[in-house]
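Colleague: In full-length UniProt numbering, the protein residues as written are 1 to 360. C-beta atoms are modelled at their ideal positions from N, C-alpha and C, and glycine is treated no differently. For clarity, every value in this text was computed on a predicted model and none was experimentally measured.
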Ligand code: PMP
């Protein structure tokens with residue numbers, strides 16, 4: 001089969017080495033004669049998977065002891081509801097910084113539970129889309145937490161600043177988790193759908209500071225209650241065991257490659273290769289200011305949208321898959337998560353160069 005590189009924003013590429021290992025052990029996992037999918041989540045074999053994966057994730061992200069890791073259902077959108085239900089207490093509002101599509105969607109969900117103080121933090125800098133410095137984000141006094149989305153998957157915007165506050169910071173890290181080291185101690189809650197940098201869809205990672213457990217309103221569904229999930233070790237109901245196991249294999253892969261410092265270097269090299277090429281060309285453009293360009297999701301436009309169909313068709317035929325931008329923004333988008341090798345980005349750049357030569 002020809003070499004295929006999948007630039008999908010999610011579900012996204014899983015490291016080829018991990019897929020191969022999973023395939024090899026699929027029908028006879030751990031010498032049990034069955035797959036890992038078919039055993040009880042409470043079996044000692046699966047509990048070992050659960051423990052090891054949490055240990056590896058803690059090591060990768062240097063998660064402090066006063067933080068809990070929850071392996072949940074419901075995706076990031078589930079967390080859009082779970083966060084206010086768990087953290088509002090008696091408050092009527094919370095601070096929600098709006099830097100793009102996903103932060104905006106979290107605000108829409110939060111409106112069911114409170115009157116969010118929604119702040120548009122986008123701006124224009126040098127004619128490009130950018131984000132206001134965090135020191136200029138107007139926060140309210142009565143908000144029990146500040147929510148933001150550090151990587152806007154659709155807009156291709158990354159926010160490296162953190163809100164300037166003593167309140168718990170809640171971050172939707174769905175499309176940036178594990179792409180580089182972070183200081184977990186600066187956050188109250190970090191959550192992420194797995195289907196970009198962690199593993200298959202169906203698993204959601206939540207990292208929550210100990211003092212934020214047990215604040216949930218009584219009407220919260222138990223499967224979203226951080227305290228219940230912690231007390232039951234993420235097994236209040238049957239967890240997505242296969243996705244959890246596979247995530248554990250991805251964590252081992254990351255550790256083998258040298259952890260998140262090494263991953264950051266790889267990711268910066270990939271992103272620079274693509275952005276530098278786009279900036280050097282008159283045919284392609286990316287309209288995000290360099291201060292806020294995403295390491296993971298690179299949207300770009302062709303000289304004229306009339307060429308979009310031809311570009312996508314020829315890219316697909318060349319083994320470069322899923323480059324179509326999100327329907328709300330159009331154009332192209334290359335998602336270059338951890339599992340995308342630099343060879344894939346080089347293949348994309350080579351294709352773009354050749355497409356430009358024949359269509360400029
Ligand atoms: N937040 C971000 C930043 C995302 O990229 C996505 C999915 N693309 C979501 C939330 C929604 O995730 P899910 O489909 O897991 O609910």
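So residue 84 is in the beta strand (DSSP E); what residue range does that whole segment cover?
Modeller: Run containing residue 84: none in the beta strand (DSSP E); it sits in the alpha helix (DSSP H), 75 to 87.
Colleague: Just the C-alpha distance for residue 51 and residue 309, rounded to the nearest angstrom, thanks.
Modeller: 47 Å
Colleague: Excluding the 5 residues flanking residue 229 on each side, which residues of the same chain have their C-beta closer than 7 Å to its C-beta?
Modeller: 70, 72, 236
Colleague: Say yes only if the C-beta of residue 98 is nearer than 7 Å to one or more non-hydrogen atoms of the ligand PMP, and no if none qualify.
Modeller: no
Colleague: Give every residue of the same chain whose Cβ lies closer than 6 Å to the Cβ of residue 278, excluding the five residues on either side of it in the sequence, and list them in chain order.
Modeller: 284, 286, 300
Colleague: Please go through the same chain and pick out, in chain order, the residues whose beta-carbon is closer than 8 Å to the beta-carbon of residue 331, but skip the five residues on each side of it.
Modeller: 299, 300, 301, 302, 305, 308, 325.
Colleague: Here's a check: name, in chain order, each residue in its chain whose Cβ is nearer than 8 Å to the Cβ of residue 99, leaving out the five neighbours to either side.
Modeller: 121, 122, 131, 148, 149, 152, 155, 157, 159
Colleague: Does the ligand PMP have a heavy atom nearer than 7 Å to the CB of residue 202?
Modeller: no
Colleague: Would the beta-carbon of residue 248 fall within 8 Å of that of residue 56?
Modeller: yes
Colleague: Please list the terminal residues of the continuous alpha helix (DSSP H) segment that includes residue 312.
Modeller: 308 to 317
Colleague: What does residue 247 pair with, by DSSP beta-bridge criteria?
Modeller: Note: residue 247 sits in no beta bridge, so no partner.
Colleague: Locate the alpha helix (DSSP H) running through residue 263, then write down its first and last residues.
Modeller: Here the alpha helix (DSSP H) through residue 263 covers 259 to 280.
Colleague: Rounding to the nearest angstrom, what Cα-Cα distance links residue 225 and residue 290 in this structure?
Modeller: 39 Å
Colleague: Applying the 10 Å Cβ sphere with the 16-neighbour rule, what's the burial state of residue 342?
Modeller: exposed
Colleague: Measure the beta-carbon distance from residue 296 to residue 175 and round it to whole angstroms, keeping in mind my assumption that it falls under 8 Å.
Modeller: 5 Å
Colleague: Quick check: residue 253 and residue 18, are their CB atoms within less than 8 Å of each other?
Modeller: Contact flag set, yes.
Colleague: Rounded to whole angstroms, how far is the Cβ of residue 263 from the Cβ of residue 139, which I believe are closer than 8 Å?
Modeller: Incorrect: roughly 32 Å between the Cβ atoms, too far for contact.
Colleague: What does the alpha-carbon distance come out to for the pair residue 108 and residue 196?
Modeller: 23 Å
Colleague: Going along the chain, which residues of its own chain have a beta-carbon closer than 8 Å to the beta-carbon of residue 94, five neighbours each way excluded?
Modeller: Once the five neighbours on either side are set aside, the close Cβ partners of residue 94 are 84, 87, 88, 110, 114, 116, 117, 143, 144, 145, 146, 147.
Colleague: Tell me the start and end of each unbroken beta strand (DSSP E) in the segment 111 to 185 that is at least 3 residues and wholly inside, in chain order.
Modeller: 117 to 120, 122 to 125, 128 to 131, 146 to 148, 169 to 172
Colleague: Among 271, 259, 185, 272, whose alpha-carbon lies nearest the alpha-carbon of residue 67?
Modeller: 185
Colleague: My assumption, with CB atoms under 8 Å, is that residue 192 sits in contact with residue 201. Please give the rounded CB distance.
Modeller: With a contact defined as Cβ atoms closer than 8 Å, residue 192 and residue 201 miss out at about 12 Å.
Colleague: Enumerate in chain order the residues of its own chain whose CB-to-CB distance from residue 126 is below 7 Å, with the five nearest sequence positions on each side excluded.
Modeller: 289
Colleague: Which residues share a DSSP beta bridge with residue 72?
Modeller: 204
Colleague: Output the boundary residues of the beta strand (DSSP E) element that contains residue 333.
Modeller: Counting along the chain, the unbroken beta strand (DSSP E) around residue 333 starts and ends at 332 to 335.
Colleague: Specify the secondary structure class of residue 292 as computed by DSSP and reduced to three states.
Modeller: helix
Colleague: Beta carbon of residue 358: closer than 7 Å to some heavy atom of the ligand PMP?
Modeller: With a threshold of 7 Å, the Cβ atom of residue 358 does not count as near the ligand PMP, since no heavy atom of the ligand is closer than that.
Colleague: In the DSSP assignment, what residue or residues form a beta bridge with residue 209?
Modeller: 67
Colleague: Here's the rule I'm using: 16 or more other beta-carbon atoms within 10 Å means buried, otherwise exposed. How should residue 204 be labelled?
Modeller: buried
Colleague: Spatial neighbours of residue 355 within its chain, please: CB distance less than 7 Å, with the 5 preceding and 5 following residues excluded, ordered by chain position.
Modeller: So the qualifying residues of the chain are 311, 314.
Colleague: DSSP puts residue 6 in a beta bridge; with which residues?
Modeller: 321
Colleague: Taking 7 Å as the line, does the beta carbon of residue 122 fall inside it for any heavy atom of the ligand PMP?
Modeller: no
Colleague: Can you grab the Cα-Cα spacing for the pair residue 47 / residue 280, in whole Å?
Modeller: 51 Å
Colleague: Which residue comes first and which comes last in the beta strand (DSSP E) that contains residue 97?
Modeller: 95 to 98
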